[in-house]
Every structure is written in structure tokens, then in C-alpha cells.
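Chains as they are written, first to last, in full-length UniProt numbering: chain A, 1 to 345; chain B, 1 to 183. Glycine included, C-beta positions come from ideal geometry on N, C-alpha and C. Presented below is the structure to which this report refers.
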């Protein structure tokens, strides 16, 4: 094992937290049972790293197996790093006929053609997701395995999820994806979170959506706590209506886990009380940022408890309806009373 | 504009009804549970509302209200504003001993002191008492419930002859002393 492989191995093992490492090593199946038993997971991390590194040297493992371990860890724990969503558009007629092998061949062929040194690994997970790990090199240097890009795509959907991609490699990846999936172009999805599961749930609509209908059947499903018969609520009708509105906008049950929503304002200042800022021609540029450990839950609670007045403003409901969390808001038209609308940047 | 009047309905036997008005709707449910579960010798009905005026649909089914409690959370500006706007919907007869103010978080921070002064001035101008409650522990909620029950008993006319709601309110009403006025 040469120095590069050793450093990659050390980094991979160091990054895996102790609670996952035992199961991962067993699943990896590259260490013998004696070696696995010899590992004591209560020791400090650096000891475990040294032990595993020496076992791998003894077994003369190669880079491929080590990157396999890293990929397995990422597939099982996808919610780390920052993920960005992209959307494929202009599907060609035979886009639906693309199957897995075709996609793999096309993708690899294109990237190998444009980048001299590159290492691509693809895996298909049981939930129909294709995981791709790319280590980029260039004309002179070997692929850098310390900073790989991860791409997740569900075939026949138009969404691609990307993590850890550098700007200079973006064009190559986008071209390869567009060619392999037989689409016309790819564009930025304006959605970025730390949680891949949350992003997938939101875009692939895997959360429990509520559609407005005349019967409001969600009111019966709602498990109101059995309250004492002597306690009566005056505004129960309003409360139910607010609950219905909040669930229509943000879904019922557990919501996809988003952390932030960012609104970039390019509008004119419209307050009454500030002489210096109003009546100006140029835009009052500002950024409004909502942060929470689970943003959609917080927004839903705001609406349901009446903290935010209903009906839900389209600026907030656009997060779920359009599946994005970065918006640029511009003024439409010259009149002061016009509504600011959320537009695609 | 329909005002909430205290004497427009017939009272029920051995029953008192209290209306808890709170903008945030968090303390009122805990208080309601404490009120109905406390051991006492008369029935208590609790009505929960966010603000006044109350919905017209419920007018027929609503029992006679003996005590109206405005719950003000001193950490929120909106709480006090909502109470001030709700006061306009009460008939003036209600202020003869049937209104009470309950404030929470009176010990947290500096803004709460100013708001407490405003609440006390408001209560003094309406001849009503102000209670301070601690709502984060079960004991605090129970203590507030016991105090409310004592006032409720008098407002509903269930205590011995000499004590009427009007008499009690003249004893317990909030007074704004001169040093507060100077602030």
C-alpha cells in the first residue's frame, strides 16, 4: 500500500464515528474474523485507526476496497455535508427508456472522455437510488480521493442531488448527467440542506401531503387529546381551520427536515416612517433568513397556533409547493402597492 | 357590537363558569385542567378563548360566565395589545368584580417590568385585581388555579352572605401607587 492509499484509509476510518464502525467493518468483509475480534472499540480513536490500518496493510487491500468502505458509510448515513438539488429539464423522447446499465456506461464514458484522471464508482441502493462517487484529478495529477463528490439520482425522476462539488468540475458533471439521462439541460434547483433524506422526501413528495377539499377530512384524523367535558373551546372552529391551512401548506405528520430558507430581497423600501430610505429609485437589498432545526415543523406550528395570520402567504408555501429554499423577490411593475412575487433567480 | 354581559343568562345550580382569554393559548389549557381537577364542592366549567368578541355561533350553548380572566404573558408585546383590544368588548357591568388579570413571567427581564406597570395601570383603571402566576411548573399552575377558584367562588355568588363580587373587587383591585405613577 503506498502513501496515498494509506492516507485515504486513515482519513476514511477517522471520519467514521465509533458507533458505526463495528457494523461497517463487518459488512465490508475485507478483514478476517480474527482481526475483527482483535479490535477493541472502547479504545481511543487513534488506536482503532492504527489497528485497522495495520490490518489492511497485512491483507494488502487496494484503493478500490477502501473507497468502497467510504461509500458504504455515506450510503448508510446520508445526512452529512451539504447537499444541493439540481433539476434535469427538456427530457427527450427516449428519456424514459434509459435503463441502469445504459446510464452507467454513458456517464462513465463521457467523464472519462473529458477528464484525464478520474475515478468513478457507482452503486445502486435498494430504494432505486444510484449513488455515484467521483474523485477528480486533472491532466497532470491523479484523482484526489480525499475530497470526493457524491451524486445521488433516482432514475426516471428529474432530480439529482449533489454534495461536495467544486465549481471547476461542475460543468463536466452537468454535461455527463445530461447526456446519460437523455435530457436537454440541467438547472440549479435552489434547494440546499444538510439532510439528504429531507431533500429527497420534499422533492419526490414522500411526505404526507394534504390537498384542499370540501370535506376537510383531516379534522377527523386529528387525534385531539380527550379533554374534560367541563372545558369548552370558544374558537374551536377557527382552530380547526388554522390546522387545516397549515397542513395544506406544509404537510401532515413528520415533515421533511429543512434547516433554512433564504429570501433575497431586491425590492424598493416601502415603510412609512423612514425618510431617508423610502422614495429612492434603487433597490433596498436585503436578505431574510429563516433558520430552525426543522423549518417546516416550525412554520407549520406558527400557522396552526395563530402566530402567523392565515391564509398562508405564498412566499412561505412556495417552499413545499415548488421544492426550493432560496428565493429572489423582485418588485413587479412600478406601482407601490403591487405584490412582491417570488421569482426564479 | 355585541358585548359580553354578565347577567343576561340564568345561572346553573352549584356551577360556576370561568372564561380564560389568552392570546398564546398555552397556559390556558394547563390552567383549565388544574381547575377542573382540583377538589372542590361545586362544579366548574371552563371556556377557553383567544380573544373577544366570542363567536356568535356559541351564544346559545354558552353558559353564564361568572369570571373572565385575561392571561397576559409579559414576554410578548402582542399579548398585552390583544387584551387591551378585547376589553372593549365587555359590557361595563362586567367590571363590577367579574374581571381579573393574570400575568406570567413577571420576573424575567427588563421589558416585563414596564409591561407589568402597564397591566397594573390598566387593571386599576378597571377596578380589577392582578394576579401573578408562575406557569412553568405544575405547582405554579396549581397555585394559580387555587387562587382563581377562590375568586371564582365569590364571583359566582357561592361564598357566605357578606362577600359579594363587588365587595371582593373593592378589596383586591389593583392600585397604582404614586411611586409607580412617577416612573
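1) Considering only DSSP beta bridges, list what residue 234/A is partnered with.
2) Check the DSSP bridge columns for residue 154/A and list the partner residues they point to.
3) Relative to the C-alpha of residue 38/B, which candidate in 146/B, 70/B, 163/B has its C-alpha closest?
4) May I have the straight-line CA-CA distance separating residue 8/B from residue 82/B, to the nearest angstrom?
5) What number of angstroms, rounded off, separates the C-alpha of residue 337/A from the C-alpha of residue 266/A?
6) Can you name the residues that DSSP bridges to residue 394/A?
7) May I ask you to report which of helix, strand or coil DSSP gives residue 95/A?
8) Would you check if the region 8-23 of chain B and the region 121-131 of chain B touch, i.e. whether three or more CB-CB distances between them fall below 8 Å?
9) Does the distance from the C-beta atom of residue 292/A to that of residue 249/A stay below 8 Å?
10) Is the shortest distance between the beta-carbon of residue 23/A and the beta-carbons of chain B less than 8 Å?
11) For residue 257/A, does the count of other Cβ atoms within 10 angstroms reach 16, so buried, or fall short, so exposed?
12) Return the chain-ordered list of same chain residues with a C-beta closer than 6 Å to the C-beta of residue 264/A, the five sequence neighbours on each side being excluded.
13) Does the Cβ of residue 38/A have 16 or more other Cβ atoms within 10 Å, making it buried, or fewer, making it exposed?
14) Considering residue 73/B, what are the terminal residues of the alpha helix (DSSP H) in which it resides?
15) Would residue 156/B pass as a contact of residue 66/B if the rule is Cβ separation under 8 Å?
16) By the 10 Å Cβ neighbour count, where 16 or more other Cβ atoms means buried, how is residue 21/A classified, buried or exposed?
17) Please tell me whether residue 145/B has its Cβ less than 8 Å away from any Cβ of chain A.
18) Within 8 Å of any Cβ in chain A, is that where the Cβ of residue 14/B sits?
19) Determine, using beta carbons only, whether residue 191/B and residue 135/B come nearer to each other than 8 Å.
20) Out of curiosity, what's the CA-to-CA distance linking residue 155/A and residue 185/A?
21) I need the boundaries of the beta strand (DSSP E) containing residue 102/B, first residue and last residue.
22) Less than 8 Å between the beta carbons of residue 231/A and residue 27/B, yes or no?
23) Can you have a look at residue 161/A and say buried or exposed, based on whether 16 or more other CB atoms are within 10 angstroms of its CB?
24) Any chance the region 237-245 of chain A sits against the region 169-184 of chain A, with 3 or more Cβ pairs inside 8 Å?
25) Using a Cβ cut-off of 8 Å (strictly closer), state whether residue 351/A contacts chain B.
26) So, residue 63/A versus residue 169/A, is the Cβ gap smaller than 8 Å?
27) Mark residue 170/B as exposed unless 16 or more other C-beta atoms lie within 10 angstroms of its C-beta, in which case mark it buried.
28) How many angstroms separate the CA atom of residue 109/B from the CA atom of residue 209/A?
29) Does any C-beta atom of chain A lie closer than 8 Å to the C-beta of residue 50/B?
30) Can you give the beta carbon distance from residue 168/B to residue 69/B, rounded, assuming they're within the 8 Å contact cut?
31) Name, in chain order, the residues that DSSP records as bridge partners for residue 266/A.
32) Beta-carbon of residue 228/A versus every beta-carbon of chain B: anything under 8 Å?
33) Can you tell me the Cβ-Cβ gap for residue 89/B and residue 3/B, rounded? I've got them flagged as a contact below 8 Å.
34) Output the boundary residues of the alpha helix (DSSP H) element that contains residue 184/A.
35) Taking all protein chains shown into account, decide if residue 133/A is buried (16 or more other Cβ within 10 angstroms of its Cβ) or exposed.
36) Would you report the Cα separation of residue 41/A and residue 16/A, rounded to the nearest angstrom?
The relevant details are as follows:
1) Paired residues: none, contrary to the question.
2) Answer is 129/A, bridged to residue 154/A.
3) Ranking 146/B, 70/B, 163/B by CA distance to the CA of residue 38/B puts 146/B first.
4) C-alpha separation (whole angstroms): 25 Å.
5) Because the pLDDT of residue 337/A is 26, which lies under 50, any placement of that residue in the model is unreliable, and the number read from its coordinates should be weighed accordingly. Whole-angstrom Cα-Cα distance: 16 Å.
6) Nothing can be reported for residue 394/A: it is not among the residues displayed for chain A, which extend from 1 to 345.
7) Reduced to three states, the DSSP call for residue 95/A is helix.
8) Here the region 121-131 of chain B makes no contact with the region 8-23 of chain B; the two share fewer than three CB pairs at distances below 8 Å.
9) Not closer than 8 Å, so no.
10) No, because no Cβ of chain B sits closer than 8 Å to the Cβ of residue 23/A.
11) Counting every other CB atom within 10 Å of its CB across the protein chains shown gives residue 257/A a total of 16 or more, marking it as buried.
12) Correct list, in chain order: 287, 328.
13) With fewer than 16 Cβ atoms within 10 Å of its Cβ, residue 38/A is classed as exposed.
14) First-last for residue 73/B: 67-73, but that is the beta strand (DSSP E), not the alpha helix (DSSP H).
15) With a cutoff of 8 Å on beta-carbon distance, residue 156/B and residue 66/B are scored as near each other.
16) Buried is the call here.
17) Judged by the 8 Å Cβ criterion, residue 145/B is not in contact with chain A.
18) Chain A, which has no Cβ nearer than 8 Å to the Cβ of residue 14/B, makes this no.
19) Since the first residue of chain B shown is 1 and the last is 183, residue 191/B is not available in this structure.
20) Their backbone Cα atoms lie some 16 Å apart in a straight line.
21) Where residue 102/B is concerned, the enclosing beta strand (DSSP E) stretches over 99-104.
22) The answer is no: Cβ separation not under 8 Å.
23) That one is buried.
24) Per the Cβ contact rule, the region 237-245 of chain A is not in contact with the region 169-184 of chain A (fewer than 3 Cβ pairs under 8 Å).
25) Only positions 1 to 345 of chain A appear in this structure, which leaves residue 351/A out of reach.
26) Cβ atoms of residue 63/A and residue 169/A: not closer than 8 Å.
27) Burial call: exposed.
28) As the crow flies, the alpha-carbon of residue 109/B is around 41 Å from that of residue 209/A.
29) Residue contact check for residue 50/B against chain A: a CB pair falls below 8 Å.
30) The beta-carbon distance between residue 168/B and residue 69/B, rounded to whole angstroms, is 14 Å. This is too long to meet the 8 Å contact definition.
31) Paired residue(s): 285/A, 330/A.
32) Chain B contact via Cβ: present.
33) In this structure residue 89/B is in contact with residue 3/B, their Cβ atoms being roughly 6 Å apart against a cut-off of 8 Å.
34) Unbroken run through residue 184/A is the beta strand (DSSP E), 183-193; no alpha helix (DSSP H).
35) Burial of residue 133/A is indicated by the presence of at least 16 other C-beta atoms within 10 angstroms of its C-beta.
36) Each residue's Cα considered, the two are about 12 Å apart.
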